[in-house]
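Visitor: This is the structure I have questions about; it appears just below.
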Amino acid sequence: MQIDVHSVTFAYDAEQPVLSDISLAVPSGRAVGLIGPNGSGKSTLLRLIAKSLRPKRGSIHLGGRDVAQMSTREIARCLAMVEQQRAIGFDFTVRDVVAMGRFPYRRRWSKEDKTDRNAIERAMRWAEVESLANRSARALSGGEGQRVFLAMALAQEPQILLLDEPTTFLDLRHQVNFLSIVKERVASGLTVLLSIHDLPLASQIAEDVVLLNDGGVACSGHPEQVLTRENLREIYRVDAAVGRHPGSGMLYVLPALETEDRSPDS
Amino acid sequence: MRWLFTGLVVLTAGSVFAGLALGPVGIPLRSMVSTLLGDAEHALTAVQKVILWQIRLPRVLLGLLVGSGLAVSGVAMQGLFRNPLASPYVLGVASGASTGAALTILIASGIAALLPVGAFVGASLAVAIVYGLACPGTQRSSMLTLILAGVAVGSFFSAITSFLVFLSSKGEKLADVLFWMMGGLGRADWTSLTVLAPVALGCIVAILFFAKDLNALALGEETAQHLGVNPVMLYRWLLFLTTLLAASSVALAGTIGFVGLAIPHIVRLLTGPDHRRLIPAAALAGGCFLVWSDLLARTAFAPAELPVGVITAFFGAPFFLYLLKAKRAKL
């Protein structure tokens with residue numbers, strides 16, 4: 503299912519717009535990475551697409567339908583989102599949390615039916631959290647917790663998955679593990695838009711990346727075209743060596759610490 | 051889970067019979083049954099009948115309703131605020147009701163029927179001010195604003211109540227105000243029950259309707275929304291229902307503490323966090339707890355009557371602390 507953002511403007515208060523006149527499209531079945539400095543509007547854009555926020559101007563379409571015309575339940579049936587991690591209010595088990603992904607499909611008092619159970623079990627298998635099923639969802643490590651929320655999102659059987667900096671607090675092993683699971687889902691047709699700070703990983707998970715800066719799209723396209731030394735210097739104000747690893751062909755970004763002049767503005 | 055609900059229903063029935071049978075005038079269970087069956091030999095005396103119908107039954111029913119109401123509004127408040135310290139009184143219901151009650155006692159002490167009306171108006175006014183100040187649902191940080199506004203408005207109303215107490219230097223009215231604030235079921239009668247019962251039961255059923263949404267809300271407001279919950283509607287409805295439930299309970303029984311805070315926690319240890327089980331179980335447990343507390347309050351120092359709030363906290367708090375220590379991880 504395709505995501506279309508048409509010239510969207512958004513501001514938290516009247517003064518300074520966080521996003522101004524931004525447009526982008528995520529084609530169905532593709533993974534697109536949102537990159538950019540802190541405060542460039544990545545999370546805001548994701549929350550606008552999920553209708554947690556409403557644009558001041560412009561419109562957002564999911565599979566051709568305007569989100570402004572869709573109920574929260576309709577959106578929840580086609581779009582799932584994994585946010586940056588938050589505390590869980592009560593002592594639910596991991597399976598309870600994953601089962602909440604079926605919320606948009608179930609009536610108030612209906613019991614889990616076979617479709618629900620299958621979706622829950624499949625999502626837990628995909629996200630590799632089956633062995634945690636009866637653990638308390640509050641007693642998990644960062645990597646486990648993030649996979650549990652991914653399982654909940656997958657149990658929603660979405661066509662679109664939004665991920666807000668899903669790997670930020672994970673160690674190397676769990677970053678790779680998490681993004682590999684997501685990549686597998688993309689291979690079977692899921693549309694993914696994710697914000698991510700790790701540029702080499704972004705280039706591996708995403709076929710296209712969108713570089714945001716100051717509330718607008720600075721540059722977008724194939725990772726190799728966007729992640730250039732010039733762009734990094736201009737947008738991130740960082741001097742970095744960028745290239746392809748000769749053996750694997752993977753993109754690398756090696757930022758250099760500033761040695762003399764500490765002011766990033768100069 | 052089935053045994054738990056069976057147990058709670060049996061316990062509730064047992065509490066009702068105990069509440070009816072025990073007191074300064076004993077009313078044997080056998081006589082109650084005989085009267086119901088039309089067996090004249092062991093039937094109740096006329097005095098016993100009056101005590102049963104005009105005093106004890108309304109009082110036991112009021113205890114069930116108020117206990118259920120406070121426990122369920124406590125569950126809803128803890129779920130809404132995702133905070134284990136939330137109680138039915140966080141938005142100023144208790145302090146508003148106390149001010150209303152104190153004012154009514156000072157101005158129109160002769161008209162007993164006005165007391166619950168005054169308390170209800172005071173409670174509603176306090177929550178309306180809190181709600182108006184914080185405007186929930188318009189922005190994300192509003193729940194914290196709501197709690198802070200509740201604390202501030204609560205202190206303000208408490209100050210007014212203290213001032214009213216200070217003004218009422220005449221001993222009798224002062225005692226009336228203080229006794230009301232400590233809570234009790236002594237004013238139970240059929241008239242107030244016919245008003246409270248539909249309101250309280252209606253609110254409890256309506257809150258139960260939102261049980262699944264409260265579960266999703268445990269993951270956070272935005273995550274709940276991504277699962278299809280409409281958080282603005284949920285907050286509006288639940289704040290309205292819990293306030294109505296708590297305010298009408300407090301209006302008739304005074305500010306009984308502890309039930310709304312601790313019963314939800316105690317029951318959550320038994321049922322788990324799923325609100326679809328937690329809400330009905332808390333309703334039954336809260337009712338039982340208050341009926342037994344009241345039984346103790348009116349028999350322990352008979353013929354004098356302790357305020358039931360003293361009993362609920364005196365026995366509830368240590369039990370709660372024990373649970374806290376024994377099962378700390380679960381709360």
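Residue numbers (the numbering used here), protein chains in the order written: chain A, 503 to 768; chain B, 51 to 381. Beta carbons are placed, not taken as given, at the ideal position from N, Cα and C, and that holds for glycine.
Determine which residues share a DSSP beta bridge with T773 of chain A and list them.
Guide: In the structure as shown, chain A begins at 503 and stops at 768. Residue 773 of chain A is therefore absent and cannot be evaluated.
Visitor: Between the region 579 to 597 of chain A and chain B, which residues of the former have a C-beta closer than 7 Å to a C-beta of the latter?
Guide: Result list: A582, M583, E585, R588, I590, G591, F592, D593, F594.
Visitor: For chain B, check one thing: does any of its Cβ atoms lie closer than 9 Å to the Cβ of Q661 of chain A?
Guide: No, Q661 of chain A does not count as interfacial toward chain B.
Visitor: I'd like to know if L291 of chain B contacts chain A, where contact means its C-beta is closer than 9 Å to some C-beta of that chain.
Guide: For L291 of chain B, the answer is no, since every Cβ of chain A falls outside 9 Å of its Cβ.
Visitor: Spell out whether any CB of chain A is found under 9 Å from the CB atom of R326 of chain B.
Guide: Yes, R326 of chain B counts as interfacial toward chain A.
Visitor: With a threshold of 8 Å on Cβ separation, who are the neighbours of S573 of chain A within its own chain once the five nearest residues in sequence on each side are excluded?
Guide: For S573 of chain A, where only same-chain residues beyond five positions count, there are no Cβ hits under 8 Å.
Visitor: Alpha carbon to alpha carbon, how far is V520 of chain A from G718 of chain A?
Guide: Distance between the alpha carbons of V520 of chain A and G718 of chain A: 9 Å.
Visitor: For R746 of chain A, which beta-bridge partners are listed by DSSP?
Guide: R746 of chain A pairs with A:L753.
Visitor: Quick one: is C338 of chain B buried, meaning 16 or more other Cβ sit within 10 Å of its Cβ, or exposed?
Guide: So C338 of chain B counts as buried.
Visitor: By the criterion of Cβ-Cβ separation under 8 Å, what are the contact partners of P606 of chain A in chain B?
Guide: Near P606 of chain A (Cβ distances below 8 Å), the residues of chain B are L277, G278.
Visitor: Using Cβ-Cβ distances below 9 Å, what residues of the region 349 to 370 of chain B are close to chain A?
Guide: The residues in question: there are none.
Visitor: Which residues, in chain order, does the region 217 to 232 of chain B contribute to contact with chain A at a C-beta distance below 8 Å?
Guide: Cβ contacts with chain A come from no residue of the region 217 to 232 of chain B.
Visitor: Using only the alpha-carbon positions, how far apart do F651 of chain A and E667 of chain A sit?
Guide: Those two C-alpha atoms are separated by around 13 Å.
Visitor: In chain B, what lies closer than 7 Å to M602 of chain A by C-beta?
Guide: Going along chain B in sequence order, the residues near M602 of chain A (Cβ under 7 Å) are N265, A266, L269, L277.
Visitor: To be precise: take each residue of the region 123 to 136 of chain B, compare its Cβ to all Cβ atoms of chain A, and keep it if any distance is under 7 Å. Which residues remain?
Guide: Per Cβ criterion, the list reads R132.
Visitor: Using the beta-carbon of each residue, which ones in chain A are nearer than 7 Å to P323 of chain B?
Guide: What P323 of chain B touches in chain A: F592, D593, F594.
Visitor: Beta-carbon separation of T693 of chain A and Q661 of chain A under 9 Å?
Guide: For T693 of chain A and Q661 of chain A, yes; Cβs fall inside 9 Å.
Visitor: Could you tell me which residues DSSP pairs with T511 of chain A in its beta bridges?
Guide: BP columns for T511 of chain A point to A:R559.
Visitor: Distance cutoff 9 Å, beta carbons only. Does T617 of chain A sit that close to anything in chain B?
Guide: Cβ-Cβ to chain B under 9 Å: no for T617 of chain A.
Visitor: Report the three-state DSSP secondary structure of S768 of chain A (helix, strand or coil).
Guide: Annotation note: pLDDT 46 at S768 of chain A (below 50); position unreliable, coordinate value reported separately. In this structure, S768 of chain A counts as coil in the three-state DSSP scheme.
Visitor: Taking all protein chains shown into account, decide if V711 of chain A is buried (16 or more other Cβ within 10 angstroms of its Cβ) or exposed.
Guide: With 16 or more Cβ atoms within 10 Å of its Cβ, V711 of chain A is classed as buried.
Visitor: If you draw a straight line from the alpha carbon of F351 of chain B to that of A238 of chain B, how long is it in whole angstroms?
Guide: Between F351 of chain B and A238 of chain B, the C-alpha separation is close to 20 Å.
Visitor: In chain order, what are the residue ranges of uninterrupted beta strand (DSSP E) at least 3 long that sit wholly in the region 605 to 689 of chain A?
Guide: Taking only runs of at least 3 residues, the beta strand (DSSP E) segments lying wholly in the region 605 to 689 of chain A are 662 to 666.
Visitor: Against chain C, does R637 of chain A count as a neighbour if the rule is that its beta carbon must be under 9 Å from one of theirs?
Guide: Among the protein chains of the structure shown, namely A and B, there is no chain C.
Visitor: Which of the residues in the region 549 to 570 of chain A, read from start to end, lie with their CB under 7 Å from any CB of chain B?
Guide: The residues in question are A552, S554.
Visitor: By Cβ distance, which residues of its chain are closer than 7 Å to H747 of chain A, with the 5 residues on each side in sequence left out?
Guide: The residues are Y754.
Visitor: Name the chain A residues that come within less than 7 Å of E272 of chain B, Cβ to Cβ?
Guide: The answer, in chain order, is S554, E585.
Visitor: Could you tell me which chain B residues have their CB closer than 8 Å to the CB of V599 of chain A, listed as they occur along the chain?
Guide: Result: L269.
Visitor: Are three or more beta carbon pairs between the region 593 to 600 of chain A and the region 631 to 642 of chain A nearer than 8 Å?
Guide: These segments touch.
Visitor: Provide the residue span of the alpha helix (DSSP H) that contains A710 of chain A, from first to last.
Guide: A small fix is needed here, since residue 710 of chain A is Asp in this sequence, not Ala. From DSSP, D710 of chain A is part of no alpha helix (DSSP H) but of the beta strand (DSSP E) over 710 to 715.
Visitor: Run through chain B and tell me which residues come within less than 7 Å of T574 of chain A, C-beta to C-beta.
Guide: Those are Q275, G278, V279, N280, listed as they occur along chain B.
Visitor: What residues in the region 623 to 634 of chain A have a beta carbon less than 7 Å from any beta carbon of chain B?
Guide: For the region 623 to 634 of chain A, which is checked against every Cβ of chain B, not one residue is closer than 7 Å.
Visitor: Interface residues of chain A around K99 of chain B at Cβ under 7 Å?
Guide: The premise fails here: K99 of chain B is roughly 42 Å from chain A at the closest Cβ pair, so nothing lies under 7 Å.
Visitor: Buried or exposed, going by whether 16 or more other CB atoms sit within 10 Å of the CB of T546 of chain A?
Guide: It counts as buried.
Visitor: Specify the secondary structure class of G73 of chain B as computed by DSSP and reduced to three states.
Guide: In the structure shown, G73 of chain B sits in coil (DSSP, three-state: anything other than H, G, I, E or B).
Visitor: Here's the rule: buried if 16 or more other CB atoms are within 10 angstroms of the residue's CB, otherwise exposed. What is F213 of chain B?
Guide: Exposed, because fewer than 16 other Cβ atoms sit within 10 Å of the Cβ of F213 of chain B.
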